[in-house]
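Please read the structure below before turning to the comments.
2 protein chains.
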Amino acid sequence: MNTLRAFFFAGAALVACSSASAAELSVAAAGQYAQDTYAEYLDLLSLPNDAIVPADIRKNVEFLEAAFRKRGFVTRQLENDGKPMLFAEQPDADPELRTVLFYMHLDGQPVVPEQWSQKDPWTPVLKRRTDAGEWEEMDSAKLFSGSVDPEWRVFGRSSADDKAPIMMLLATMDALKASGAAQGVNVKVILDSEEEKGSPSIRKVMSAHRDLLRSDAIVINDGPMHATNQPTLIFGNRGAAQARITVYGAREALHSGHYGNYSPNPAQRLATLLASMKGDDGRVTVPGYYDRVQLDADDRRIMAAVPDDEDAMLKRLGIAKPDRVGANYQEAMQYPSLNVRGMASAEVGDKVATVVPEKAVAELDLRTTPESDARYLAKLVEDHIQQQGYHLVTGTPTDEERARFDKLASFTYQTEGGNAAATPIDAPVGRWAFQSMVEAFGENPAPVRIRMMGGTVPTAEIVEALQVPFVIVPLVNADNNQHASDENMRMGNYVNGVRTLYSLITRPLQEGAQ
Amino acid sequence: MNTLRAFFFAGAALVACSSASAAELSVAAAGQYAQDTYAEYLDLLSLPNDAIVPADIRKNVEFLEAAFRKRGFVTRQLENDGKPMLFAEQPDADPELRTVLFYMHLDGQPVVPEQWSQKDPWTPVLKRRTDAGEWEEMDSAKLFSGSVDPEWRVFGRSSADDKAPIMMLLATMDALKASGAAQGVNVKVILDSEEEKGSPSIRKVMSAHRDLLRSDAIVINDGPMHATNQPTLIFGNRGAAQARITVYGAREALHSGHYGNYSPNPAQRLATLLASMKGDDGRVTVPGYYDRVQLDADDRRIMAAVPDDEDAMLKRLGIAKPDRVGANYQEAMQYPSLNVRGMASAEVGDKVATVVPEKAVAELDLRTTPESDARYLAKLVEDHIQQQGYHLVTGTPTDEERARFDKLASFTYQTEGGNAAATPIDAPVGRWAFQSMVEAFGENPAPVRIRMMGGTVPTAEIVEALQVPFVIVPLVNADNNQHASDENMRMGNYVNGVRTLYSLITRPLQEGAQ
């Protein structure tokens, strides 16, 4: 992760530019520019986009290529095994301005049509909520003329994730052209075609086109905004690694009457081993696990300012008390996690038998941080297991290992699950984005700043190829139900997304107090 | 278990009888009496006896009824839902003698014929081991005349478990009649028809015919002898109870990125809970769990005398070191066990997902002892779980319970798995059986005395109805592979079984030093 650290300082070298503030776009004006794209938006949502069907991906790419060209962009399909990514840039880049690369993705989650309450996930439907709280279908034509209620929503696959941000950007370009406002940054765009498959090729494609994609910062428009629907900036995300512990007992499952109390029980031993890794408060007790995470007073202040309603969260989750890894939810996400995501030994339920099992398995996931990568954390866990007296084997123990070592386990891990990524909140790109939002939406409440989100998104894959700082600017409503059969986009968020992007693009990205 | 304790003292009231020693039966004589029954034995093995087919059970009962009548017994079929049990007694019981009830079972395990290396599990086959260690089929006629090698074996379902002991008893009655030796006890016999189904009705049938079955002691001829093939006496067995712990986390499985480090992980908590129940040495640490088991110096001496080859056992199991519940294998079996027989949370392997699971389950089996029954042990575990801070719920927690209690679990248990049973080794029946065997086989090596075996057999169900002391006298070779597709009976054990039963029946059962 040192490479990521390095370009924060590269970011600090950005020179001061002439203008220090963004242009304004009224809600009414933004609403109009947005509305002018709704027909195009519904057409886009009508194109299936599961990356499992390359021909579908190509239709989306062609549609969007035309849409960006219409706004004066030069486009290029970046070949990727038949599922091209789309690159777009403005041909008349101002050499005095910094360049920002906007990342979005055009592919979507698979659908199970019969799970949807509408006829077809690929036929978007406009809905409003009745007084009884039900979603009621409306005539989509209502979107195209007259006033659009910000609470109305368009339901359909990718309505929010992630086609809405793409359309917001197109509407923003329309607004810029119409208003004649000066851009503060040059715009480049990369549209991923396999994000919902874990962006397996984004790193490769971006590395192959490094010159084309060269930019001073990356803005990632993906994911939901904070639950309060306040303007949201995210400065990093945890990475993910997987590991597996298998504890071995006797060669075969044994009769628990004849061997219970005699042949060591691997499920019991696995339990004891796992128990040695975490305290009752949920804190990891593997030596060194949290050591590399350093939070200062500023970090804690910014995290405490995030308007999470933890009481509501606990109620929704159905738990009385959270683990005590951090003082609050945000702080908990700054630390690497050690999570038992699955556990098994012999059988439970109908198939249970009275045996001493022959082995027990725990599947772990380790959420990583930029300072604590998968290799570092996995090694600590491995050392800890050995410290508990285990001899580590590769695969099933041999007869000799069985005869020689009392405690036998295997520990394997994979690190390809995605790296953590982070930009310091006070890096130029962070200040630029924060001030843009303050100008667009005011300071009360201030934009929500998430130091590092808990989940893993392919930020590292996106940014590591270019070695530039980034910020994640989610634009869609938190309750968009992405990936589910009731995915939806709130129209008020669509309009505010245009205002957000307009503010970002008209504000110069520069070094110094902004 | 107080009732079981009570009749040890009843046993102490047995009056002294005239003769204090058993009659002798030479190996050659026993071999001849045995051989005279081999044709009948093979005929019996040709009758399928899975209790799932009542008509098959009835054919076995009819065959054996005729066999006992031929030896002068009065018989009676004890009705049991179409699968009668067979009772047999000698009509001319001597009122001066104690009466012993011999328990055996005529039903057998189910078979999967294609798993057998012989044509049909119900067509018994004589085999001998070649120099290369393979089992080679022989002409069965070799059993009926000429010398029978003690190492020859008859393969077939129930060849050992448990038709051989029935035939040994019939051969013994032939021997008694031919030799004219005086009986030391009156003989009654009960043949169970559902032992391989867990003897679900033996208690009911025996209770219904308490007067008919009235006796002073019960000898159970079932199960394998000690691995050394030395004469074996077993004075008890552990019982079995099942329990289940479910630890609850959030209402639903959660995204481990967003909630790892925040929402408590029930698999982790279950692990910690299980870890709190046992030490690294395998000893249960639930307060009071072992307290009721009292072993004195005599007990330990007798257990240490059992010629277990623990090194060989460890090698066979594939473990370097046993749990340290007892100083040796026998001692470990004297204590109740707390065994994780199955464990599960979310998924492992191909189906694993990156979640914080919503619950975790451990299936336990508790092997009980006469002093520590299922209810007592389960209550200790339940109390212990609560001591760890858990609020116990019935089924899935309610919203209110979720809001109120940090740690939620359910704990359920069933006690119908079979009670433990034990007769003190120095009870009259134990001394009678031991001395009979010493007279038949000598003192060097002495008969193996197992204070309590680890597995659960329906001894309690058999003996509790009559409230008399018992001893288990297994007669078949340890490597008979009962229940498997290569079940077999060693002919040397058949002959020694006749000697054993002859010695038992000719030795008076009485109080005092024997």
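Chains A and B are the protein sequences, given in the same order.
All residue numbers for the first sequence refer to the working numbering, where the first residue is 600 and numbers rise by one.
All residue numbers for the second sequence refer to the working numbering, where the first residue is 600 and numbers rise by one.
Using N, Cα and C, we set each Cβ at its ideal position, and we do this for glycine too.
Q) Shorter than 8 Å from the beta carbon of Phe1004 of chain A to some beta carbon of chain B? A) By this cut-off, Phe1004 of chain A is an interface position.
Q: Report the rounded CA-to-CA distance for Gly859 of chain B versus Gln985 of chain B, giving the unit in angstroms.
A: A direct Cα-to-Cα measurement between Gly859 of chain B and Gln985 of chain B gives close to 25 Å.
Q) Do you know whose CA, among B:Ala973, B:Val951, B:Val954, B:Asp908, lies nearest Pro935 of chain B's CA? A) That would be B:Ala973, whose Cα lies nearest to the Cα of Pro935 of chain B.
**Q.** Contact with chain B by Gly1111 of chain A, beta-carbon distance below 8 Å
**A.** Residue confidence is low: Gly1111 of chain A scores 46 on pLDDT, short of 50, so the model does not pin down where it sits. No coordinate-derived value is stated.
Q.
Pull the bridge partners of Met703 of chain B from the DSSP assignment, please.
A. Beta-bridge annotation (DSSP): Met703 of chain B is paired with B:Leu790.
Q | Nearest candidate by alpha-carbon position, reference Gly707 of chain A, set A:Asp649, A:Met942, A:Ala759, A:Thr997 | A | By alpha-carbon distance to Gly707 of chain A, the top candidate from A:Asp649, A:Met942, A:Ala759, A:Thr997 is A:Asp649.
Q: Using a cut-off of 8 Å between C-beta atoms, extract the partners of Asp964 of chain A located in chain B.
A: Those are Ser855, Gly859, Thr953, listed as they occur along chain B.
Q. Is the shortest distance between the beta-carbon of Arg1106 of chain A and the beta-carbons of chain B less than 8 Å?
A. Look at Arg1106 of chain A: its C-beta is not under 8 Å from any C-beta on chain B.
Q: Find the nearest neighbour of Ala633 of chain B within the set B:Thr1105, B:Asn1092, B:Pro1107, judged by alpha-carbon distance.
A: Of B:Thr1105, B:Asn1092, B:Pro1107, the smallest CA-CA separation from Ala633 of chain B is found for B:Asn1092.
Q. Is the stretch 892-899 of chain B in contact with the stretch 996-1004 of chain A, if contact means three or more CB pairs nearer than 8 Å?
A. In this structure the stretch 892-899 of chain B does not touch the stretch 996-1004 of chain A; the number of beta carbon pairs closer than 8 Å is below three.
Q) In chain order, what residues of the same chain have a beta carbon less than 8 Å from the beta carbon of Asp655 of chain B, not counting five sequence neighbours either side? A) Leu646, Pro647, Asn648, Asp649, listed in sequence order.
Q. Is Lys540 of chain B close to chain A, meaning its C-beta is less than 8 Å from at least one C-beta of that chain?
A. No answer is possible for residue 540 of chain B: the residues shown for chain B start at 600 and end at 1113.
(Q) Between which residues of its own chain and Tyr1101 of chain B is the CB-CB distance below 6 Å, once the five residues before and five after are set aside? (A) Contacts found: Leu624, Thr771, Ala774.
Q. Should Thr871 of chain B be flagged as near chain A, meaning a C-beta pair shorter than 8 Å?
A. Closer than 8 Å: yes.
Q.
Using only the alpha-carbon positions, how far apart do Val660 of chain B and Arg966 of chain B sit?
A. Taking the straight line from one Cα to the other gives about 33 Å.
(Q) What does the Cβ neighbour count give for Val1097 of chain B, buried or exposed, with the cut at 16 atoms within 10 Å? (A) Only buried fits Val1097 of chain B, as 16 or more other CB atoms lie within 10 angstroms of its CB.
Q) Does DSSP put Gly1041 of chain B in a helix, a strand or coil? A) The three-state secondary structure of Gly1041 of chain B, taken from DSSP, is coil.
Q: Please determine if the stretch 803-818 of chain B and the stretch 1059-1069 of chain B are in contact, where contact requires at least 3 C-beta pairs separated by less than 8 Å.
A: Counting C-beta pairs closer than 8 Å gives three or more between the stretch 803-818 of chain B and the stretch 1059-1069 of chain B, which meets the contact rule.
Q | 8 Å Cβ cut-off: residues of chain A touching Pro863 of chain B | A | Correct list: Gly881, Ile918, Lys920, Pro921, Asp922.
Q. Using a C-beta cutoff of 8 Å, does Arg900 of chain B count as contacting chain A?
A. False, the Cβ-Cβ gap to chain A never drops below 8 Å.
Q: On a CA-only basis, which of A:Trp734, A:Ala621, A:Val924, A:Gly822 is nearest Tyr888 of chain A? Give me that one, please.
A: The candidate whose alpha carbon is nearest that of Tyr888 of chain A is A:Val924.
Q: Classify Pro723 of chain A as buried or exposed, calling it buried when 16 or more other Cβ atoms lie within 10 Å of its own Cβ.
A: Buried is the call here.
Q) At a cut-off of 7 Å, is Gly671 of chain A close to the ligand NAP when judged by its beta-carbon and the heavy atoms of the ligand? A) With respect to small molecules bound, the structure shown includes none, and the ligand NAP cannot be examined in it.
Q: Helix, strand or coil for His808 of chain A, going by three-state DSSP, please let me know.
A: Of the three classes helix, strand and coil, the one that applies to His808 of chain A here is coil, per DSSP.
Q. What's the C-alpha gap between Gly994 of chain A and Ile1071 of chain A?
A. Rounded to whole angstroms, Gly994 of chain A to Ile1071 of chain A spans 41 Å at the Cα level.
Q. Can you give the Cα-Cα distance for Arg1106 of chain A and Val1037 of chain A, rounded to whole angstroms?
A. Here the alpha carbon of Arg1106 of chain A sits roughly 12 Å from the alpha carbon of Val1037 of chain A.
Q: Quick one: residues in its chain with C-beta nearer than 7 Å to the C-beta of Pro720 of chain B, no 5 flanking neighbours on either side, listed in chain order?
A: Answer for Pro720 of chain B: Val710, Pro712, Gly755, Arg756, listed in chain order.
Q. Between the C-alpha atoms of Pro690 of chain A and Ser806 of chain A, what's the straight-line distance to the nearest angstrom?
A. C-alpha separation (whole angstroms): 22 Å.
Q) What distance in whole Å lies between the Cβ atoms of Thr674 of chain A and Phe686 of chain A, which are believed to be in contact at a cut-off of 8 Å? A) Contact flag correct, Cβ pair sits at about 7 Å.
Q | chain B contact for Gly1054 of chain A (CB, 8 Å cutoff) | A | Output row for Gly1054 of chain A: interface = yes.
**Q.** Residue ranges of each beta strand (DSSP E) within the stretch 1027-1091 of chain A, 3 or longer
**A.** Counting only runs of 3 or more, we get 1047-1049, 1069-1071, 1087-1089.
Q) Along chain A, which residues have their Cβ under 9 Å away from the Cβ of Glu946 of chain B? A) Correct list: Arg940, Gly941, Ala943, Glu962.
Q: Figure out for me which residue from A:Asn1043, A:Gln1034, A:Thr1055 has the closest Cα to the Cα of Leu1103 of chain A.
A: Nearest to Leu1103 of chain A by alpha-carbon distance, out of A:Asn1043, A:Gln1034, A:Thr1055, is A:Gln1034.
**Q.** Length at least 4, wholly inside the stretch 845-899 of chain A: the alpha helix (DSSP H) runs in chain order
**A.** List check, alpha helix (DSSP H) in window: 855-858, 865-874.
Q. Beta carbon of Thr827 of chain B, beta carbon of Pro764 of chain B: below 8 Å?
A. For the 8 Å CB-CB criterion, Thr827 of chain B and Pro764 of chain B do not form a contact.
Q: Report buried or exposed for Gln1013 of chain A, applying the criterion of at least 16 other Cβ atoms within 10 angstroms of its Cβ.
A: Counting Cβ neighbours within 10 Å, Gln1013 of chain A comes out exposed, since fewer than 16 surround it.
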